[in-house]
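In this note's numbering, the protein residues as written are 38 to 179.
All C-beta atoms in this analysis are idealised placements derived from N, C-alpha and C, irrespective of residue type, glycine included.
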Amino acid sequence: MGVCGGAASAQMDTSRHDGATAKPTSAVRADGSAQKAKRRRPRTLLLLLKSLMGLRVRIDLKNDTSVEGLVQEVVHDMDFTLLDAVETKPNGDRIHFDEVFVMGKMILYVHIPDRINLNQQLQNYIKIIRKSATMYTRSKRK
């Protein structure tokens, strides 16, 4: 299972780049009464890639090279930082790196391990995002 990189994901990006959801806003109806808008669900491939942090993935690059390593970070341009990575050249040569940075525009394909339940992985990551967004906000006094 994998995710294509590059232009296809840029077209799919309909939410904020950090993957967070928008807070509900008040909307005014035609009759003048206010109504709260529903919370938008994040819909982006970047969110899926960010949820892979801490997992071992293989990334195929546009220059026929592949890099496999532990995902440390994914930023809004689909740039990856991998730890304990192995780069495999088209001729079969393998080079080991402690840490490697992969530019998003060079990514052709991201191989997601088959053992991962993507729905559960995304739900867990969204919970983490929402929890971190509300962790330092003040609550209403009673």
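Residue i versus residue j: straight-line alpha-carbon distance, rounded
i, j, result
"F117", "N128", "24 Å"
"T58", "D130", "Annotation note: pLDDT 42 at T58 (below 50); position unreliable, coordinate value reported separately. Using only the alpha carbons, I get a separation of about 43 Å."
"K87", "K177", "32 Å"
"G106", "G141", "15 Å"
"Q157", "T81", "16 Å"
"S169", "R152", "27 Å"
"R95", "V139", "11 Å"
"N161", "N154", "11 Å"
"M115", "I132", "23 Å"
"F134", "M143", "18 Å"
"M172", "K179", "18 Å"
"V104", "T174", "39 Å"
"E110", "K164", "18 Å"
"E136", "P150", "20 Å"
Residue of the options minimising C-alpha distance to residue i
i, options, result
"L145", "V108, D101, M172", "D101"
"H148", "D97, L83, L85, A170", "D97"
"L84", "R175, A170, I166", "I166"
"V108", "L120, T171, N161, K179", "L120"
"V123", "R152, D151, R93", "R93"
"V194", "R175, M90, D135, K179", "Residue 194 lies beyond the residue range present for the chain, which begins at 38 and ends at 179; the question has no answer from this structure."
"K126", "K164, P150, K99", "K99"
Cross-strand partners of residue i (DSSP beta bridge)
i, result
"R93", "L107"
"L98", "I144"
Residue i Cβ short of 7 Å to the ligand GTP heavy atom set
i, result
"V123", "In the structure shown, the ligand GTP is absent, as is every other ligand, since no ligand is present at all."
**Ranges of the beta strand (DSSP E) found wholly within the segment 137 to 167, counting only runs of at least 3** = With a minimum length of 3 residues, the continuous beta strand (DSSP E) runs that stay inside the segment 137 to 167 are 144 to 148.
**Asked** Which runs of the beta strand (DSSP E) spanning at least 3 residues fall entirely within the segment 102 to 140, listed in chain order?
**Response** Fully enclosed beta strand (DSSP E) runs of 3 or longer: 103 to 111, 117 to 125, 131 to 139.
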